[in-house]
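Numbering (mature numbering (1 follows the signal peptide of the UniProt record, and there is no 0)) for the sequence shown: -26 to -1, 1 to 312. What follows is one structure encoded as structure tokens, with my remarks underneath.
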Amino acid sequence: MKRFSLVLASLAMLLALMPGCSSDPADDPHEAGKQPQRRYLAFGGGPTGGTFNFFANKMAGIISASHPRLEVSARGAGGSAENLRSLDADVIDLGIVYSGDAFLGRRGELPDDPARHENVRALSFLYGAPAQLVVRADSGITSASQMAGMAVAVGNPGSGAALCAERFFGHLGLWDSLDVHKVGYAQAAADFSNGIIDAFWVLVGYPNIAITEAAALVPLRLLDLHFEAVESGFYEAYPFYGEVVVPAGTYAGQDRDVTTFQDASLWCASAALDGQTVYDCLKAVYSPQGLGEMRAAHSAARDMGLERALDGVSVSLHPGAVRFWAEQGLDIPERLRP
């Protein structure tokens, strides 16, 4: 029996060495000319008129154009919280999520959502997302604490903007008194311009197109939110938010700096996505050409790069991201390792 097995093994070795019998596709003339099979990825963005949506579309295009193996399509979504849940369930492969939502979602502390969304991994920081609260210039409103009973648009249901608004106004004791409109930014700007609502809230990089369009039709004012956040203890309750300044002149009629707070927009992936694909996606977007295209396309991409790659990251990095950033010379904190 042993001699018979040895004979079979010898025959197998001879066959493997004979021309045309190799199992390597590279040696097969029928396989040599074939293109690598495309991998299709879904990238969760945000509502029309929002920076999430713009970034998702642009990044999907850069990755698809840079890598012959990958075809990435951006998908419209309600925003951060919806992307978080979709990534956790492996419904989408890539998505943009606010750091605060990722942090609270992992702990099962999102409003009306006790599930622990633990299958989401960070790839990189994209841009800071300042909270921008817009009122009419002639309204007499100078602080958020004056807004009890007013009609305020806060973003789509399931969006990071809506969740952030609920945290902030809830912390001030005002949330239940507001007439809350959960609509996207473009609709909010139109409703504001037509007098349907008193104010609207966005959580995006600046300048935001919805605010820009509203400012062209109605004189408006951005409210300072930082000082109320400090005085109320908002930062102690939600440590992933921090101070930021929206410079004077960002919008028509804005003649002074506005101090507010911001969340960090994170590029995330499903934990189920393989490390090589994540690595290839990062390599495409963070190449000199990819970064150049991002910065030329939207001013919010000005902070993308090696120096701020891990800013505001509140959940573990994907193994493919650990590999990529380590190769760029970054020291990966232990708390961010998978």
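Glycine is no exception: its CB is placed at the ideal position from the N, C-alpha and C atoms.
Mapping the DSSP letters down to three states, classify residue i as helix, strand or coil.
{"i": "residue 25", "result": "helix"}
{"i": "residue 208", "result": "helix"}
{"i": "residue 146", "result": "coil"}
{"i": "residue -3", "result": "The pLDDT assigned to residue -3 is 40, lower than 50, so where the model puts this residue is not dependable; a value taken from the coordinates is nonetheless given after this. Note: residue -3 maps to coil in three-state DSSP."}
{"i": "residue 277", "result": "helix"}
{"i": "residue 309", "result": "helix"}
{"i": "residue 296", "result": "helix"}
{"i": "residue 153", "result": "strand"}
{"i": "residue 137", "result": "helix"}
{"i": "residue 265", "result": "helix"}
{"i": "residue 235", "result": "strand"}
{"i": "residue 159", "result": "helix"}
{"i": "residue 303", "result": "coil"}
{"i": "residue 59", "result": "helix"}
{"i": "residue 195", "result": "strand"}
{"i": "residue 35", "result": "helix"}
{"i": "residue 290", "result": "coil"}
{"i": "residue 203", "result": "helix"}
{"i": "residue 40", "result": "helix"}
{"i": "residue 30", "result": "helix"}
{"i": "residue 283", "result": "coil"}
{"i": "residue 270", "result": "helix"}
{"i": "residue 164", "result": "helix"}
{"i": "residue 245", "result": "coil"}
{"i": "residue 132", "result": "coil"}
Going by DSSP, what residue range makes up the beta strand (DSSP E) through residue i?
{"i": "residue 85", "result": "Neither: residue 85 is in no beta strand (DSSP E) and is coded neither H nor E."}
{"i": "residue 174", "result": "173 to 177"}
{"i": "residue 49", "result": "44 to 49"}
{"i": "residue 15", "result": "13 to 18"}
{"i": "residue 189", "result": "Run containing residue 189: none in the beta strand (DSSP E); it sits in the alpha helix (DSSP H), 183 to 189."}
{"i": "residue 125", "result": "125 to 127"}
{"i": "residue 220", "result": "216 to 220"}
Output yes or no for whether 9 Å exceeds the beta carbon distance between residue i and residue j.
{"i": "residue 239", "j": "residue 71", "result": "yes"}
{"i": "residue 36", "j": "residue 259", "result": "yes"}
{"i": "residue 199", "j": "residue 137", "result": "no"}
{"i": "residue 295", "j": "residue 69", "result": "no"}
{"i": "residue 234", "j": "residue 105", "result": "yes"}
{"i": "residue 29", "j": "residue 272", "result": "yes"}
{"i": "residue 140", "j": "residue 85", "result": "yes"}
{"i": "residue 21", "j": "residue 160", "result": "yes"}
{"i": "residue 54", "j": "residue 67", "result": "no"}
{"i": "residue 102", "j": "residue 228", "result": "no"}
{"i": "residue 256", "j": "residue 225", "result": "no"}
{"i": "residue 274", "j": "residue 100", "result": "yes"}
{"i": "residue 130", "j": "residue 157", "result": "yes"}
List the endpoints of the continuous alpha helix (DSSP H) containing residue i.
{"i": "residue 253", "result": "249 to 259"}
Indicate whether at least one CB of chain B lies closer than 9 Å to the CB of residue i.
{"i": "residue 40", "result": "Among the chains in the structure shown there is no chain B, since it carries only a single protein chain."}
Problem set entry | the segment 116 to 126 touching the segment 145 to 158, judged by at least three CB pairs closer than 8 Å | A contact exists between the segment 116 to 126 and the segment 145 to 158.
Problem set entry | Inside the segment 69 to 120 only - beta strand (DSSP E) runs reaching at least 3 residues | 94 to 110
Exercise. So, do the segment 296 to 306 and the segment 280 to 287 have three or more beta carbon pairs nearer to each other than 8 Å?
Worked result: yes
Exercise. Is there contact here, the segment 214 to 230 with the segment 166 to 179, by at least three beta-carbon pairs under 8 Å?
Worked result: Too few Cβ pairs lie closer than 8 Å, so no.
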